[in-house]
Amino acid sequence: MSGLVKCIIVDDEPMALALLESYVLKTPFLQLVRKCSNAFEALQAVNEETVDLVFLDIQMPELTGIELSKTLPQRTRVIFTTAFNEYALDGFKARALDYLMKPFGFDQFYNAALRAKEWFEMVENQSATAPPLTITTETVTTEPAKEFIFVKSEYRQLKIMLNEVLYFEGLKDYIKIWLVNQPKAILTLMSLKSLEAELPADKFMRVHRSFIIALDKVEVIERNQVIINKQRITVADQYRDKFQEYIRTNSIG
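For the sequence shown, this note's numbering begins at 402 and goes up steadily by one.
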């Protein structure tokens with residue numbers, strides 16, 4: 402980033418709040434904007450200050466950290482802190498950058514903060530390199546073609562290059578990401594529906610309730626199936642017309 406990561410810390414336990422404060426002050430790329438003892442103080446801080454990152458306790462009276470996270474601005478990201486591991490799944494669903502289990506030491510805190518800093522740098526760099534698109538006499542600003550996504554997997558943010566994706570396979574609340582030359586899939590907590598909205602529509606297509614395929618990785622089309630890297634994937638009825646239109650558009654002869 403071009404500057405410090407501005408953060409607030411939120412915990413209803415005074416000792417935990419003091420420990421978080423000491424960790425933030427020891428981390429050179431963090432700037433402590435405010436410390437809050439409940440969710441309502443945190444909301445006020447976010448409304449009054451520029452806040453990049455919130456270190457947020459989950460189990461708090463009146464308004465939990467999970468509930469608070471859903472009201473934060475899009476620019477503000479969260480690292481959850483809690484002693485209750487049953488909240489881990491909810492934490493991922495809230496799109497937290499990381500999740501610290503109490504009691505945690507400074508090394509764990511620092512690593513989580515560092516991953517957050519790298520995430521903000523990635524977003525900033527992607528925004529800075531977005532070129533304007535000029536058409537005749539009018540200038541239209543557009544987002545650059547998305548080349549990669551970050552996904553949460555085993556408490557890490559993994560960078561997935563979209564040109565290396567073979568297909569995405571949905572498994573209830575999880576997705577398996579199958580990549581070129583990778584024998585094992587990457588597992589992440591996300592729905593196919595939410596992922597589909599983030600993918601470039603000219604490169605990926607949903608062909609089944611459980612599969613989104615990379616169109617340029619299709620090797621063979623056989624009746625109502627596509628073959629990608631020896632994997633047969635059925636094109637379901639509700640997606641068949643759209644897929645057939647894509648095939649007609651790109652066929653010759």
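All C-beta atoms in this analysis are idealised placements derived from N, C-alpha and C, irrespective of residue type, glycine included.
- Query: Just curious, the beta strand (DSSP E) that V627 is in, first and last residue?
  - Reply: Q626 to I629 is the extent of the beta strand (DSSP E) around V627.
- Where does V636 fall in DSSP's three states? coil
- Item | F576 versus I459 - alpha carbon distance | A quick correction: the sequence has Ile, not Phe, at residue 576. Rounded to the nearest whole angstrom, the C-alpha separation of I576 and I459 is 25 Å.
- Query: Just reading off the beta strand (DSSP E) that E442 is part of, what are its end residues?
  - Reply: Not the beta strand (DSSP E): E442 falls in the alpha helix (DSSP H), residues A440 to E449.
- Query: Shorter than 8 Å from the beta carbon of Y640 to some beta carbon of chain D?
  - Reply: This model lacks chain D altogether, as it is built from one protein chain only.
- Message: Can you list, in chain order, the residues of its chain with a C-beta nearer than 8 Å to that of F551? Leave out the 5 residues immediately preceding and following it.
- Response: W520, M523, Q558, L559, K560 and I561
- How is the alpha helix (DSSP H) around V425 delimited, first residue to last? That run of the alpha helix (DSSP H) goes P415 to K427.
- If H609 and I634 are in contact, beta carbons under 8 Å, what's the gap, nearest whole angstrom? Rounded to the nearest angstrom, the Cβ distance from H609 to I634 is 6 Å, consistent with a contact under 8 Å.
- Compute the beta-carbon to beta-carbon distance between E565 and L580, rounded to the nearest angstrom, for a pair I have assumed lies under 8 Å. Between the beta-carbon of E565 and that of L580 there is about 5 Å, and that keeps the pair under the 8 Å contact cut.
- Of all the options Q432, P415 and V425, which has the alpha carbon lying nearest to the alpha carbon of L405? Q432
- Query: So is S652 buried or exposed if we call it buried at 16+ other beta carbons inside 10 Å?
  - Reply: Residue burial is scored here from C-beta neighbours: S652 has fewer than 16 other C-beta atoms within 10 angstroms and is therefore classed as exposed.
- Query: What do you reckon, are the CB atoms on R641 and N625 nearer than 8 Å?
  - Reply: With respect to the 8 Å criterion, R641 and N625 are classified as neighbours on the basis of their beta carbons.
- Output the distance between the C-alpha atoms of L586 and D617, rounded to the nearest integer angstrom. Reading off the sequence shown, one finds Ala at residue 586, where the question assumed Leu. It is roughly 19 Å from the alpha-carbon of A586 to the alpha-carbon of D617.
- Could you check how far apart the C-beta atoms of A514 and T451 are, in whole angstroms? I think they sit under 8 Å. Distance from A514 to T451 at the Cβ level is roughly 17 Å; contact not present, criterion being Cβ atoms closer than 8 Å.
- Would DSSP call S592 helix, strand or coil? coil
- Task: Quickly, what does DSSP pair D499 with across the bridge? List them, please.
- Result: I480
- State the Cα-Cα distance for the pair F605 and A615, rounded to the nearest angstrom. 5 Å
- How about D574 and S554: do their beta carbons lie closer than 8 Å? It is not a contact, given that the beta carbons lie outside the stated cut-off.
- Consult DSSP for G466 and reduce its assignment to one of helix, strand or coil. helix
- Message: Rounding to the nearest angstrom, what Cα-Cα distance links P415 and L457 in this structure?
- Response: 14 Å
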